[in-house]
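Shown next, in C-alpha cells, is the structure this report addresses.
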Amino acid sequence: MFGAEAEEITHAAGSSSPLELDLWIDQQDRLTHFEARVRATAQTVVKCDYSGWAPAAAITTPNPRKICYPT
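Residue numbers (this note's numbering): -1 to 69.
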C-alpha cells in the first residue's frame, strides 16, 4: 500500500462466479491494488499494484481542416 491508508473491498462476483476480487482504494479515490483469484483456493488469476500517479494526460489530435504539405 506504499504507506497510504486505504479501504479494502473484497467482492465475490456473484454467487455462481468462481472469482473473488480485491480492490484497494486510497484516500484520493485512486486504485492502488487489484487482485482476482479463484474462490476457495489460493490461485491468483490477475494481480496489479499501482503507484506513482501522475496528472491525467491531455490527448490532442491534429486539426482535420489544416492541410500539411511535405517539404
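Glycine included, C-beta positions come from ideal geometry on N, C-alpha and C.
Please read these numbers as outputs of a predicted model, since none were measured by experiment.
Between Val36 and Leu19 the beta-carbon gap is near 11 Å, outside 8 Å, which marks them as no contact.
Here Thr39 is exposed: its Cβ has fewer than 16 other Cβ atoms, across all protein chains shown, within 10 Å.
Just so you know, the alpha carbons of Asp47 and Gln41 end up roughly 17 Å apart. Here Ala38 carries a coil assignment [DSSP, helix/strand/coil].
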